[in-house]
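To convert, note that position 81 of the sequence shown is 122 in our numbering; the numbers rise steadily by one, no gaps.
Just so you know, even glycine gets a beta-carbon here, dropped at the ideal spot from N, CA and C.
All values derive from a computational prediction rather than experimental measurement.
What follows is a single structure, written as structure tokens, with notes after it.
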Amino acid sequence: MKILAMETSTHLGGVAVVIDGKLVAEENSLRQKTHSEIVSPFVESCLSKSGIKLEDIDAFAVGQGPGSFTGIRVAANAGKTFAYSFNKPLITIDSLMLLAEQARGSQYPVLAIINAYKNMVYLGLFDMSGEEPTYLKGPDAIPVRELSKHIDRDVTVVGDGWETYHEYFPEELKLKMHRDHALLDFPHARTLALMAEKRAIKGQTLDWKSFVPLYIRASEAEETKKGILISPLK
Numbered sequence: 042m043k044i045l046a047m048e049t050s051t052h053l054g055g056v057a058v059v060i061d062g063k064l065v066a067e068e069n070s071l072r073q074k075t076h077s078e079i080v081s082p083f084v085e086s087c088l089s090k091s092g093i094k095l096e097d098i099d100a101f102a103v104g105q106g107p108g109s110f111t112g113i114r115v116a117a118n119a120g121k122t123f124a125y126s127f128n129k130p131l132i133t134i135d136s137l138m139l140l141a142e143q144a145r146g147s148q149y150p151v152l153a154i155i156n157a158y159k160n161m162v163y164l165g166l167f168d169m170s171g172e173e174p175t176y177l178k179g180p181d182a183i184p185v186r187e188l189s190k191h192i193d194r195d196v197t198v199v200g201d202g203w204e205t206y207h208e209y210f211p212e213e214l215k216l217k218m219h220r221d222h223a224l225l226d227f228p229h230a231r232t233l234a235l236m237a238e239k240r241a242i243k244g245q246t247l248d249w250k251s252f253v254p255l256y257i258r259a260s261e262a263e264e265t266k267k268g269i270l271i272s273p274l275k
């Protein structure tokens, strides 16, 4: 099975191709250009490296968010266009689950936190005992100062929310949060592609019209219009 995955919901934008369970091509960019500028050349590069064409792809996968509102739409629009044009199925997986999957093997439940700006984080707490991460809490958007209310156990923490805000976490919370610096703090297209292939094999796919982005919050422009202010850190 051939999967083309596009993940652009966070700072890291990427495209990957997986064929029969093996990663054969990948391109990533950490804001070297805007995601809308990199997706098309990255798709072309990955297809060239894989020796296949778009019409050879069996299913397209896109990151669902949460994350950047604009970024989510970049991959979503490309994936929907490809799925429609070639009459192929679509698979969507959320960015918090992708982060958790990248921490597979952790001895603790995985806490994925993505910087949601305005002193907030997108949060997902996952049980890792199954084939896919399973939500214990979330997905949600919470103020950083309220994070302690949601963590009542030892966790492995991943995501750029840690680097952005950990200095503001209470010490009793930090004692529960275990960091493995070998783990990735952004969801990667290769993770999406590998997970998507498993879902495609099981028939867990969508048609292009059924894609629903996981925004959780209103856009920054909408929040500003409503007078929603930056949440204090303490």
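| Item | Value |
| --- | --- |
| 6 Å CB neighbourhood of Thr-205 in its chain, flanking five on each side removed | Asn-156 |
| Option nearest Cys-87 by Cα separation, candidates Asp-61, Gly-112, Ala-57 and Gly-62 | Ala-57 |
| Ser-81 and Lys-159 closer than 9 Å at C-beta | no |
| Same chain, Cβ closer than 8 Å to Lys-129, neighbours up to 5 away in sequence not counted | Ile-98, Asp-99, Ala-100, Phe-101 and Phe-123 |
| Residues near Ser-127 in its chain [Cβ-Cβ closer than 6 Å; skip 5 each side] | Reading off the sequence shown, one finds Phe at residue 127, where the question assumed Ser. Glu-96, listed in sequence order. |
| Span of the beta strand (DSSP E), counted from its first residue to its last, around Leu-214 | Leu-214 -> not in any beta strand (DSSP E); alpha helix (DSSP H) instead, spanning 212-215. |
| Whether Ile-79 touches Gly-54 by CB criterion (9 Å) | yes |
| For Thr-175, three-class secondary structure by DSSP | strand |
| Opening and closing residue of the alpha helix (DSSP H) in which Asp-226 lies | Segment: none, Asp-226 is in no alpha helix (DSSP H) and carries neither H nor E. |
| Collapsed DSSP secondary structure at Leu-256 in the structure displayed | Residue identity differs from the one stated: residue 256 is Tyr in this sequence, not Leu. The answer is coil: DSSP assigns Tyr-256 none of H, G, I, E or B. |
| Contacting residues, own chain, Cβ-Cβ under 7 Å from Met-161 (five flanking each side not counted) | Ala-182, Ile-183, Pro-184, Val-185 and Ser-272 |
| Rounded separation between Lys-94 and Lys-43 - CA only | 10 Å |
| Local conformation of Met-47 per DSSP, three classes | strand |
| heavy atom of the ligand GTP below 8 Å from Tyr-125 C-beta | Annotation note on the ligand GTP: not contained in the displayed structure, which lists no ligands. |
| Coil, strand or helix - Tyr-158 by DSSP | strand |
| CA-to-CA distance, Ala-66 to Lys-90, given in whole angstroms | 6 Å |
| Which of helix, strand or coil DSSP assigns to Lys-267 | Note that Lys-267 scores a pLDDT of 42, beneath 50, so its modelled location is shaky; the value from the coordinates is reported in the next line. Residue state, collapsed to three classes: coil. |
| Simplified DSSP assignment, three categories, for Leu-233 | helix |
| Test item: CB-CB of Pro-150 and Val-196 under 9 Å | yes |
| Start and end residues, beta strand (DSSP E) containing Ile-14 | Beyond the ends of the chain as shown, which are 42 and 275, falls residue 14; an answer cannot be given. |
| Where the beta strand (DSSP E) containing Val-115 begins and where it ends | No beta strand (DSSP E) contains Val-115, which is instead part of the alpha helix (DSSP H) from 110-127. |
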